[in-house]
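Protein sequence lines correspond, in order, to chains X and L. For what it's worth, my numbering labels the leading residue of the first sequence as 1, then goes sequentially. For what it's worth, my numbering labels the leading residue of the second sequence as 1, then goes sequentially.
Protein chains: 2
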Amino acid sequence: MSHDNQDQADASPDLQRRRFLNSAALTGLAGAGMATGLASCRQEPAAPAASEPAAKAPAAAPMSHSSVEVAPGELDAYYDFCSGGHNGDVRIYGLPSGRLLKTIPVFNQDCLVGWGITNESKAVLGTRPDGRPKYVSGDTHHVHQSYTDGTYDGRYAFVNDKIHGRLARIRLDTMECDRITEIPNIQGFHGTFPDKRDPVDASVNHTTRVFCGAEFSIPLPNDGRDLDAGEQYRSLFTCVDADTMAVRWQVLIDGNCDLVASSYDGKLAATNQYNTEMAVKYQNMMSAERDACLFFNVARIEQAVKDGRFKTYGDSPVPVVDGTRAANADPKTALTCYVPIPKNPHGVNISPDGRFYVCSGKLSPTGSVIQHDLVLKWFDGGLDDPRKAVVAEPELGLGPLHTGFDNKGNAYTTLFLDSQIVKWNVEAAIKAANGDKNATVVLDRLDVHYQPGHGFCSMGETRESDGRYFVSDNKFSKDRFLPVGPLHPETAQLIDISGDKMKLLADHSVYSEPHDSIIVRRDIIKTRQIYDLDEFPNAVKSYDESGVTRDGNKVTVKMISAAPTFSLDEFRVKVGDEVTLILTNFDKVEDLTHGFALPKHDINFIVNPQETKSVTFTVDRPGVYWYYCTNFCHALHLEMRGRMIVEA
Amino acid sequence: MSHDNQDQADASPDLQRRRFLNSAALTGLAGAGMATGLASCRQEPAAPAASEPAAKAPAAAPMSHSSVEVAPGELDAYYDFCSGGHNGDVRIYGLPSGRLLKTIPVFNQDCLVGWGITNESKAVLGTRPDGRPKYVSGDTHHVHQSYTDGTYDGRYAFVNDKIHGRLARIRLDTMECDRITEIPNIQGFHGTFPDKRDPVDASVNHTTRVFCGAEFSIPLPNDGRDLDAGEQYRSLFTCVDADTMAVRWQVLIDGNCDLVASSYDGKLAATNQYNTEMAVKYQNMMSAERDACLFFNVARIEQAVKDGRFKTYGDSPVPVVDGTRAANADPKTALTCYVPIPKNPHGVNISPDGRFYVCSGKLSPTGSVIQHDLVLKWFDGGLDDPRKAVVAEPELGLGPLHTGFDNKGNAYTTLFLDSQIVKWNVEAAIKAANGDKNATVVLDRLDVHYQPGHGFCSMGETRESDGRYFVSDNKFSKDRFLPVGPLHPETAQLIDISGDKMKLLADHSVYSEPHDSIIVRRDIIKTRQIYDLDEFPNAVKSYDESGVTRDGNKVTVKMISAAPTFSLDEFRVKVGDEVTLILTNFDKVEDLTHGFALPKHDINFIVNPQETKSVTFTVDRPGVYWYYCTNFCHALHLEMRGRMIVEA
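Set out below in structure tokens:
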């Protein structure tokens, strides 16, 4: 569908007026209290806004509340892996109950497990010269799992840090972060997605790459040059090796990256671009009526790297190929394809059958349906205009952001400004775009509370999308929960999508600010509950090994925990000593975790069954310091303690 | 009731055999896999342990699941304020839904709000000479609210840090920590409780003191002296002023402190003691058949301080009065009263009518009922033996720890080893102790899953205990939830106590390791949703004030956030500058929080509506660094960013 015939596709005249939001008007709205749905209800009681959050039942079909309750002793049906946003962590919820099952520290510090405190976690996080973690803050946005055969394989989850440009990997057997990679030459790492198979070797039908989109353009290298030459700033698209977590290659592009998607056949990666203007000022980022969805031809990029057709920037050895428009004018050799999309789009998602991408307009009320094989056709020279890969562009409502898919060909798009989820049929949208006046594109609308960001279906980002649940991660909860002061929780609303009409089942609360989640069938996740002593090179494997050794002022303390005692009920050091304490948990009982805390020395960490961890610290004052078990382990847990005796 | 007639009170012969657990046996159990309920179910499939966690319905009365579900748009009936344990934070859950509404960073770091990052939070946390927070770890154990007229007044919550010996205060209007006090001369600050009225001035019927119990004995001062003279180590009981948060006084005692309670009349504070042996080795902490519940006569202690009858230790100016047994032999002048309690007791709780304390035996299957006015009578010289204040000592089950109270005279005690809650009647226990064979002491038992620690009733620690809910915070969840790796969530099981029989309603999950909670009626909490610009001395109050000023290499950047822009879309500094950035959120819309993140400089914090926060950092490299809003605020949230331009 070209832009010219787009008007014919409009089935909702009432949306016409809202076709493209005028950017000047939007800017003005901000100053005027944002009547677009964010108006304060409590501030302006005389004029209820669209999002008036009275504690009313939603305007949906009759509710089935009992369906979210999981009786005592019963298990949830799904895992929900959720990025914590500017908390820097990843959370695991159970669905449908909404119970928070785990918080996995990733880019943040967490003294519960000792993340950022133990030597092992510091090795993952990276350190400064003085041994402290390099960063203690993060901003996790998108969490995705590794794939095999187009569905989750339970091996890894990947999550990005927007602030410092890092990609982290979480082992799903232990639910712990095992690797963090800081990506060079970028800022504002926003979207990420693993690939689903190799673009060339069809036998590699599992994740081996993770794609990473950088949102902010910067001078290259960012070493003080070109500070005021905004037009020379650039964004890069990055590929990280899923196994080694090394950066494989980067692509220099025009415009920026935002969200990222990957095709099921492994051939393409995609990112939506909201700032094709390449502006450095807010007000100039909305001048173009169309931005783009940018596709990367993975095989060609990797061939270019092999062929040595790349540059490097500054100290970074990473090969950077040229994906700009100017360098990719010939489709038959192009590394990239820029598909025009109206306006400041946000979000690109691929349908479970692998045939379509939906890229939302954000400042346009439209969702653009891009046909995968038409993009491939363009790369093959068979399509004269990338825009022709857009086969439908239905009007969905105001502020469309993200789209989930069920197993019946339907899409569910979050409408930020309308505070709605709109259910629509992809094939019907294509028929309507082709002139079928009888095609019913929009099937249902459901109010959510309020201003939804990401929305996602159960198994919806896999070939096994099952059409059971949709979760709307809303950015404002206002008064959906008991008031807890100026900082509100957000709502993750659980919606039943198994019938014709969506049903709002529950307001689950989430600590600010979840950004994106995936909903994973429980049978896919196979965890280990107990470690193996042998997987820790520094494990204290017997009571004979337990003890204190000294090398100059470096002291090594080896200790065992076994409920309700530590193997050492005291150890002795001197002021100025650098102490490395290694603790192995000998208990083999599932769930029998021990903690280790040392007063006044800021030491706090846990060891799970058969796990070993270590800390290194300097003792700087004499006295008696009682270390103790922090994780209730036994009737005599309180008595589980010992003394570090520090001589002057 | 004296120890001599205790045997007559035993109504359950089957408990007789378990009267006092032999400490040697307990020690041995640890090595043998803890058959006392902690045995691994997965490790020993052939011999299911008592706590076999099959996903079965509990052996309780018919369940009423729908009663915990809070429909979309509806509000919970109660707040649950919960200490996070060695996570160092405080959480707020809604009940009955179990939804996590807020996580309040206290002793930990939290890059979501910028706790430990902003100058304002560092001023609360205390800093090292280099400006970093003094500690980044904590271990919160007991959270309690301030009282007026014997019930919660919604002003403050207090919570302790066991590791570093700190007491924190949380403002309940904004749900933020506003003060932290590090207590001198102590280690292992475990129990804490606010007072409920002044012991002398009856018109002061609200909280003005917070009592703090130190669990670990140390040399005084702990400066390297007496390292090996364990018999000279001492614990102190501390009083902190609730308004100024200054330490008022301390009491030198024999033995240690554990949990803490305060009387409704303001006259007494109490702590259970599990190590009256004053041992420094684990195996010697269980030799005594009885330890104690120690009472403090607050008025007399404060008179002694006024009279100058105190010492100080080391650099601490805090007056320390002598509360040892030897110095307090005469009841009429005694500051302290040691009531013998069997064995290694854990937990002391006062009944809502103010008449009784229940102190649990832990290694004895008993709960000791201590009558408040008999303790006062001892202090008046009218009772010859403190033990006679114990008016009942019913056998409850194995490993009794903590007791909650309803509004019908019933007590609910957690049995750690039996994995049960036992409901019993206090007056009946006293009757039985007095020889009434017809008194039914134990009314009900309910299995919980597994190994309960604290348990607490709705409003149960106030005169307004309402008998609606009991929550059992269990230390092991084993397989009550979807598996999430070696570190398990804990279970907070919600139990309906409104009828004759307890009903298990829900397995709520909690991130490790909640230690204690209070359940507060929702009408008591009155929060503010928006700040006032004027409460921040450094607020940027107009766009005219926004800008950059320089004083040598110290640069001050004043900025305003108003969706979707920052007032400065760029600012310019030089390598080596020390930058203080002050950000005021001009938005007045409830829930419209903005975040501020600065790549590569580890800056990440939020400003709530009308709030001001600041950060200070040094720029150490040239280049362009995009600061951006982290908390989704507007359709153009992604475009809300600007450049810090650093010149070489």
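Even for Gly, the Cβ is constructed at its ideal location relative to N, Cα and C.
Not a single C-beta of chain X is nearer than 8 Å to the C-beta of LYS343/L. For SER360/L, the secondary structure class from DSSP, reduced to helix, strand or coil, is strand. If you check the CB distance, VAL339/L and PHE295/L come in under 8 Å. In this model, PRO452/L and VAL589/X are separated by some 17 Å (Cα to Cα).
Counting other Cβ atoms within 10 Å of its Cβ, ARG99/X reaches 16 or more and is therefore classed as buried.
At least one beta carbon of chain L lies nearer than 8 Å to the beta carbon of SER477/X.
Under the three-state reduction of DSSP output, VAL68/L falls in the helix class.
Bounds of any alpha helix (DSSP H) do not take in TRP115/L, whose DSSP letter is neither H nor E. Sixteen is the threshold: since fewer than 16 other Cβ atoms of the shown chains lie within 10 Å of the Cβ of GLU231/X, the residue is exposed.
Within the region 410-458 of chain X, complete alpha helix (DSSP H) segments of at least 4 residues are found at 426-433, given in chain order. Under the Cβ criterion of 8 Å, GLU611/X is counted among the residues facing chain L. Counting along the chain, no alpha helix (DSSP H) covers LEU252/X; the unbroken beta strand (DSSP E) around it starts and ends at 247-253.
Under DSSP, LYS503/L shares a beta bridge with ASP496/L. Contact check for HIS402/L against GLY455/L passes: the beta carbons are separated by less than 8 Å.
ARG179/X is bridged by DSSP to ARG169/X.
Of all residues in the region 495-511 of chain L, the ones placed with a Cβ closer than 9 Å to any Cβ belonging to chain X are LEU504, LEU505, ALA506, ASP507, HIS508, SER509, VAL510, TYR511, in chain order. Among the CB atoms of chain X, none fall inside 8 Å of the CB of VAL210/L. Counting only residues of its own chain and dropping the five nearest sequence neighbours on each side, TRP249/X has a CB closer than 8 Å to the CB of THR238, CYS239, ILE301, GLU302, VAL305, PHE310, VAL318, PRO319, VAL320, VAL321.
Relative to the Cα of LEU125/X, the nearest Cα in the group ARG91/X, GLY188/X, VAL106/X, HIS601/X belongs to VAL106/X. Rounded to the nearest whole angstrom, the CA to CA distance from ASP241/L to SER83/L is 21 Å. Each of LEU487/X, CYS359/X, ASP254/X, SER137/X was checked against the Cα of THR324/X, and the nearest Cα belongs to ASP254/X. Looking at the backbone, the Cα of ASP384/L and that of TRP378/L are separated by about 7 Å. Taking C-alpha positions only, LEU487/X is separated from TRP115/L by approximately 13 Å. Taking a Cβ-Cβ cut-off of 9 Å, ILE421/L has no neighbours in chain X, whose nearest Cβ is about 13 Å from it.
Following the DSSP letters along the chain, one finds ARG641/L in no alpha helix (DSSP H) but inside the beta strand (DSSP E) bounded by residues 641-647.
Across the structure, VAL426/X and GLY409/X are spaced so that their CA atoms are roughly 6 Å apart. LYS162/L and CYS111/X have their C-alpha atoms spaced approximately 13 Å apart. For the region 563-643 of chain L, the full-length beta strand (DSSP E) segments reaching 3 residues or more read 570-574, 578-585, 594-598, 603-607, 612-618, 623-628 along the chain.
The Cβ atoms of SER217/L and ARG234/L lie closer than 8 Å to each other. For LYS122/L, the number of other beta carbons within 10 angstroms of its own is at least 16, and it is reported as buried. Interface annotation, THR403/X: not in contact with chain L, CB-CB separation never under 8 Å. For the pair ASP551/L and VAL573/L, the Cα-to-Cα distance works out to about 12 Å. Residue contact with chain X for HIS594/L: absent (no Cβ-Cβ distance below 8 Å to any residue of chain X).
The beta-bridge partner set that DSSP reports for PHE295/L consists of ALA270/L, CYS337/L.
Among the bridge pairs identified by DSSP, GLU395/L is matched with THR366/L. One alpha carbon belongs to THR462/L, the other to GLU277/L, and they sit about 33 Å apart.
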